[in-house]
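A.B. asks:
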Amino acid sequence: MLSTCWLLFLFSAIIYTWVFNEFPSFVAEDSRRFISQVTGNLYVSKVQPSDVGSYICLVKNTVTNARVLSPPTPLTLRTDGIMGEYEPKIEVHFPQSVLAAKGVTVSLECFALGNPVPTITWRKMNGNIPKKARLRKSQAVLEIPNVQLEDTGTYECKAENPRGGTAFKGHLQIYTFPQWISTINNSQLDSGDQLHWECKATGSPRPTYRWLRNGGPITPQSRVEMVNGELIIQKVQQADSGMYQCVAENKYGAIYCSAELKISASPPVFSPNPVRLIATLGKDVLLECKPRASPKPRVTWRRGDRRIHPSRRIINSSRSDEGDYVCRAENQFGSAEMTAMLRVKEAMHVELSPSKVEVTVGESVVLSCKVSHDPSLEVAFQWLLNQQPLNFQQEGGHFEYIQRQSSTVDLMIRSILLQHAGKYSCRAQTSADTVFAEAEVLVRGPPGPPGVVIVEEITDTTATLSWSGGVDNHSPISSYNLQARSPFSLGWQTLRTDPEPVTGDMESAMAVDLNPWVDYEFRVVASNAIGTGDPSTPSRGVRTKEAVPSVAPANVSGGNGRRHELVTSWEPVSEEFQNGEGFGYIVAFRANGTRGWKEKMVTSADSTTYKYRDETFPPLTPFEVKVGVYNNKGDGPFSGVVTVYSAEGEPRDAPSEVKASSISSKEIKVTWRPINPGPGRPRGYEVSYRKDSEQESGKKKKTAGNETSMVLTGLEGNSVYVITVRGFNSIGQGPASTASTAKTKKDPPVQPPANLMWIQEGTNVSLNWEPVKSKDNESDVIGYKVLLSQEGRVHHQVMRTITPSAVFSLPEGGTYIIEVWAVSEGGEGATSSQVRVLTSSGKTDTELNKSKVLLYLLVCFNWSNTVTAWLLEYWNLLLLPGRLTLYVQCIRCIQKVFRPISIFLHFVLLINRHTIPHNDKVRIGFLKL
1 MLSTCWLLFL FSAIIYTWVF NEFPSFVAED SRRFISQVTG NLYVSKVQPS
51 DVGSYICLVK NTVTNARVLS PPTPLTLRTD GIMGEYEPKI EVHFPQSVLA
101 AKGVTVSLEC FALGNPVPTI TWRKMNGNIP KKARLRKSQA VLEIPNVQLE
151 DTGTYECKAE NPRGGTAFKG HLQIYTFPQW ISTINNSQLD SGDQLHWECK
201 ATGSPRPTYR WLRNGGPITP QSRVEMVNGE LIIQKVQQAD SGMYQCVAEN
251 KYGAIYCSAE LKISASPPVF SPNPVRLIAT LGKDVLLECK PRASPKPRVT
301 WRRGDRRIHP SRRIINSSRS DEGDYVCRAE NQFGSAEMTA MLRVKEAMHV
351 ELSPSKVEVT VGESVVLSCK VSHDPSLEVA FQWLLNQQPL NFQQEGGHFE
401 YIQRQSSTVD LMIRSILLQH AGKYSCRAQT SADTVFAEAE VLVRGPPGPP
451 GVVIVEEITD TTATLSWSGG VDNHSPISSY NLQARSPFSL GWQTLRTDPE
501 PVTGDMESAM AVDLNPWVDY EFRVVASNAI GTGDPSTPSR GVRTKEAVPS
551 VAPANVSGGN GRRHELVTSW EPVSEEFQNG EGFGYIVAFR ANGTRGWKEK
601 MVTSADSTTY KYRDETFPPL TPFEVKVGVY NNKGDGPFSG VVTVYSAEGE
651 PRDAPSEVKA SSISSKEIKV TWRPINPGPG RPRGYEVSYR KDSEQESGKK
701 KKTAGNETSM VLTGLEGNSV YVITVRGFNS IGQGPASTAS TAKTKKDPPV
751 QPPANLMWIQ EGTNVSLNWE PVKSKDNESD VIGYKVLLSQ EGRVHHQVMR
801 TITPSAVFSL PEGGTYIIEV WAVSEGGEGA TSSQVRVLTS SGKTDTELNK
851 SKVLLYLLVC FNWSNTVTAW LLEYWNLLLL PGRLTLYVQC IRCIQKVFRP
901 ISIFLHFVLL INRHTIPHND KVRIGFLKL
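Residue numbering for the sequence shown follows UniProt numbering, starting at 1 and increasing by one per position.
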């Protein structure tokens, strides 16, 4: 079955899909159904009843996302016959000639109708299908991404079923745009020179070339030749100047490269002029004549009026060669002359001493360079090492340049290193000559690293090593040290060897006393009379052979555990000394006084304990115990015999005479008699407690050791608690004691002391407050505590009193804070508000008078506690600086409400301004008012 879908798009980036019956039910492509992305047609091989329906072609432009739907195409089944089997017929195939650009993805389509449904296979004639190629849509599409020139060839699509087969062949041709291999560059030539430019490009098909000048094609002439990308112009002229382009093109595109040609035309010009030359006696002199001119000029030489040979070279110069030499250059544009003034000087000689020196690493050496030269010439020196100039700033201060005279310089090498060895050159240069002198410096030092270390043979405790000797640095190697490291060593360790020592003429030795079954790396270090050199590179890692263990466990001990247990412990043997696989422990034990040993195997190499249980063991039975080792190679040694006791078990008895007594509303003290000594000794005691009204298990607290008392805290007041005690140790807990009860006391009063009043006279303070009255559910007050602290100090003083008053002294000036709280059987009550007493210098007497007057007024008025407290609060405000204005404002407000209080406050204001003597006249005067 074939359904067609055709639509012309301006863009080629379109995708064809088919909708079956209704959107969005799309046709799924498989071996029977195929949608060509070239034509958009839908092909169905071997139509089935499930294929009957309506088909709509959906075309989508991936650039604009536009979609177009075709009219529905119905598919029905014919009922007038049955389709029989038939051989494949290829309905969709790629063109016989496919042309594709290099780098794109090529899709070759091939689909056949047939019954049964044909299978599709692909092959490339005279080659293999590229590995990057992939088959899609049930092999109906061969997709080759990023095609290259080597993918060119003939591809065959073959369709087969049991009725036969058919094939289609097509040729894939890959083309490439031209790409440059080489291009032309700007050139400047003299008139009459030859121009030779060449440009090369690749491409498929192979590109052709053409040339342009100033945008127009170049016409071949007798002196212009263009062949395969080459441009040759003989005897260039000024008219040949311009912009040139080489064009490489094939039928798929063209590329351009450009360059400018400049033709010079000028008369000869000399710069500088004249030229001064200095030569050395006996040396050759070259007279150069290089004017700037285009085209190249003709050159002649003369000395005075005599024309000389144009070779311009004077052989074996002498004093007679001194004088002026004139060079004349001329071309068709003009002529010019240049004078060379030659002077011949004495030859320079240089001496470098010492010419050969041998030093040891760390020593210093001086090389001296002295020259003899014509005194009219200045000489410059340069030092070189192995023909490379020395950089004195970058050599770490090892080299110093010292000039003693104009003709003598020294090179000092301080704290010489091995890398400073070599040939040193002193170069002396004048304007006439340059000479060299060399000296060799040999540096003796520790040997260099030996060559590659090879492990020739390995056993459980030895390794045979070989190596090649390194450089001796001018001091014979006297000995070698063999070193090794393992996962268990701290860095590299020196090994014992056979033979010992390893002398400098040996390049093989055996390392001994290694540990079996351990991974090692080896290296070799050489020594000579100067010192020890750097080590060789490490050998490859090797593991020694297995052996029977040779190290027994250490610190064997034991004890504790549960009843009827024998617990044995030890320090595990390090993996370094396990000597092989299958490592484990053998625990051997016997009761004291018996002969035979009982042995138990512990297979874990990391184990540190073994517990053996026997119901017949009495507590604290002594045993002789030892621990051995083994691995797959056999049994190793045992540790020494130690005595270990079997477990004593948990405590058997309960504590007796448990007593509980209330300390406060939050605390109960519990005491008991300890458990009798014997097996099952306690390591401490656990106290359990709960409220009598609660049935839960309650809370528990443990002693730190074998104490026989404990204070329970955080309890609720006026509550009965049930308390039990039991012993415990590392094995477990013993039985609980008989329960004991205790009732906490009532809670302390929640009301704090109120209306604190004080009289201050000098450093003495008398303090009074209202008594605290307990409620029915509170403990009775049995006294009070007074806290006195100085502001800014950490220390404080606590006083106890059974009355609501206290007298104390203030030892030094400052501000003191006073707090009071009640004390009851249930504990301490709430704290009063703070009272601040100021004892600053110069204010004590005044404040004392104010306090006495206030007390007189209170007595005279006999006011209630509330009024008294209110007046005291304002009185305290007056004692603080800056409160007077606020107090006056309060007086004005209160005058309207309570006249007697207003009179009183005016009196307070009066005494705040004037000091009143503290005597009985104050009270009398107030009564008169």
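Backbone N, C-alpha and C fix where the C-beta goes; we use that ideal spot for every residue, glycine too.
Can you give the Cα-Cα distance for Val573 and Ile413, rounded to whole angstroms?
C.D. replies: Rounded to whole angstroms, Val573 to Ile413 spans 57 angstroms at the Cα level.
A.B. asks: List the endpoints of the continuous beta strand (DSSP E) containing Asp30.
C.D. replies: First-last for Asp30: undefined, no H or E at that position.
A.B. asks: Less than 8 angstroms separating the beta-carbons of Ile723 and Tyr685?
C.D. replies: No, they are not a contact pair.
A.B. asks: What's the call for Ala704, buried or exposed, on a 16-neighbour Cβ count within 10 Å?
C.D. replies: The residue is exposed, with fewer than 16 neighbouring Cβ atoms inside 10 Å.
A.B. asks: For Val247, is the classification buried or exposed, using 16 other Cβ atoms within 10 angstroms of its Cβ as the cut-off for buried?
C.D. replies: Answer is buried; the Cβ neighbour count reaches 16.
A.B. asks: Assuming Ile458 and Thr544 make a contact with CB atoms under 8 angstroms, what is their CB distance in whole Å?
C.D. replies: About 6 angstroms separates the two Cβ atoms, so the contact holds.
A.B. asks: Please state whether DSSP places Ile15 in a helix, a strand or coil.
C.D. replies: In the structure shown, Ile15 sits in a strand (DSSP, three-state: E or B).
A.B. asks: Between Val47 and Tyr155, what straight-line distance do the alpha-carbon atoms span, to the nearest angstrom?
C.D. replies: Val47 and Tyr155: Cα-Cα distance of roughly 29 angstroms.
A.B. asks: Report the residue from Asn21, Trp122, Val104 whose alpha carbon sits nearest the alpha carbon of Thr76.
C.D. replies: Among Asn21, Trp122, Val104, the Cα nearest to that of Thr76 is on Asn21.
A.B. asks: According to DSSP, is Ala347 part of a helix, a strand, or is it coil?
C.D. replies: Ala347: coil per DSSP, three-state reduction.
A.B. asks: Taking all protein chains shown into account, decide if His309 is buried (16 or more other Cβ within 10 angstroms of its Cβ) or exposed.
C.D. replies: Under this definition His309 is an exposed residue.
A.B. asks: When you compare only the Cα positions, how much space is there between Thr494 and Ser353?
C.D. replies: Taking the straight line joining both Cα atoms gives about 45 angstroms.
A.B. asks: Count the other CB atoms, across all protein chains shown, that sit within 10 Å of the CB of Ser737; report buried if there are 16 or more and exposed otherwise.
C.D. replies: Buried, by the Cβ-count rule.
A.B. asks: Going straight from the alpha carbon of Ala552 to that of Asp460, what length do you get?
C.D. replies: C-alpha separation (whole angstroms): 18 angstroms.
A.B. asks: Can you give me the C-alpha to C-alpha distance between Ser431 and Glu378, rounded to a whole angstrom?
C.D. replies: Approximately 8 angstroms, taken between the alpha carbons.
A.B. asks: Whole-angstrom Cβ separation of Thr801 and Glu819, contact assumed at under 8 angstroms?
C.D. replies: So it is not a contact: roughly 14 angstroms between Cβ atoms.
A.B. asks: Which one of Ser809, Thr532, Gly762, Pro752 has the shortest CA to CA distance from Lys785?
C.D. replies: Residue Pro752 is the option with its Cα nearest to Lys785.
A.B. asks: Evaluate the contact criterion for the region 100-113 versus the region 38-56: three or more CB pairs, one atom per stretch, below 8 angstroms.
C.D. replies: Taking 8 angstroms as the limit for Cβ pairs, the verdict is that the region 38-56 does touch the region 100-113.
A.B. asks: Let me know the secondary structure DSSP gives Asp747 once reduced to three states.
C.D. replies: Strand.
A.B. asks: Quick check: the Cα distance between Thr839 and Tyr816, rounded to an integer number of angstroms?
C.D. replies: So the alpha carbons of these two residues sit roughly 8 angstroms apart.
A.B. asks: What are the uninterrupted segments assigned as beta strand (DSSP E) that are 3 or more residues long and contained completely in the region 353-413, given in chain order?
C.D. replies: Listed in chain order, they are 356-360, 365-372, 380-385, 399-405, 408-413.
A.B. asks: Using the C-alpha atoms, what's the distance from Met757 back to Ser864?
C.D. replies: Caution is warranted here: a pLDDT of 43 is assigned to Ser864, below 50, making its placement in the model unreliable, and no coordinate value can be reported.
A.B. asks: Alpha carbon to alpha carbon, how far is Ser779 from Thr744?
C.D. replies: About 11 angstroms.
A.B. asks: Just verifying my parser: in three-state terms, what is the DSSP assignment at Pro637?
C.D. replies: Three-state result, Pro637: strand.
A.B. asks: Hey, could you find the ends of the beta strand (DSSP E) Tyr630 is sitting in?
C.D. replies: Unbroken beta strand (DSSP E) run through Tyr630: 622-631.
A.B. asks: Would you mind reading off the limits of the beta strand (DSSP E) that contains Leu212?
C.D. replies: Leu212 -> beta strand (DSSP E) spans 208-213.
A.B. asks: Considering only the alpha carbon of each residue, which of Gly127, Val750, Ala547, Thr462 lies closest to Gly582?
C.D. replies: Per the Cα distances, Ala547.
A.B. asks: With burial defined as no fewer than 16 other Cβ atoms inside 10 Å of the residue's Cβ, what is the status of Phe623: buried or exposed?
C.D. replies: Label assigned to Phe623: buried.
A.B. asks: Use the C-beta contact count for Phe94: other C-beta atoms within 10 angstroms, 16 or more gives buried, fewer gives exposed.
C.D. replies: Buried, by the Cβ-count rule.
A.B. asks: When the Cβ atoms of the region 135-144 are set against those of the region 63-75, are three or more pairs found closer than 8 angstroms?
C.D. replies: No: the two stretches stay apart, fewer than three of their Cβ pairs being nearer than 8 angstroms.
A.B. asks: Once the 5 residues before and after Glu507 are set aside, which same chain residues still bring their CB inside 7 angstroms of it?
C.D. replies: For Glu507, where only same-chain residues beyond five positions count, the Cβ hits under 7 angstroms are Ser466, Trp467, Ser468, Gly469.
A.B. asks: Give the DSSP-derived three-state secondary structure of Pro178 in the structure shown.
C.D. replies: In this structure, Pro178 counts as strand in the three-state DSSP scheme.
A.B. asks: Is Gly634 close to chain B? Criterion is C-beta to C-beta, closer than 8 angstroms.
C.D. replies: Any reference to chain B falls outside this structure, which holds one protein chain only.
A.B. asks: For Val236, I'd like the list of residues in its chain whose CB is within less than 6 angstroms of its CB, leaving aside the five on either flank, ordered along the chain.
C.D. replies: The residues are Leu189, Asp193, Leu195, Ile263.
A.B. asks: Given a threshold of 16 other Cβ atoms within 10 Å of its Cβ, counted over all protein chains shown, does Gln245 qualify as buried or as exposed?
C.D. replies: By the 10 Å Cβ count, Gln245 comes out buried.
A.B. asks: Helix, strand or coil, according to DSSP, for Pro49 in the structure here?
C.D. replies: Three-state DSSP puts Pro49 in a helix.
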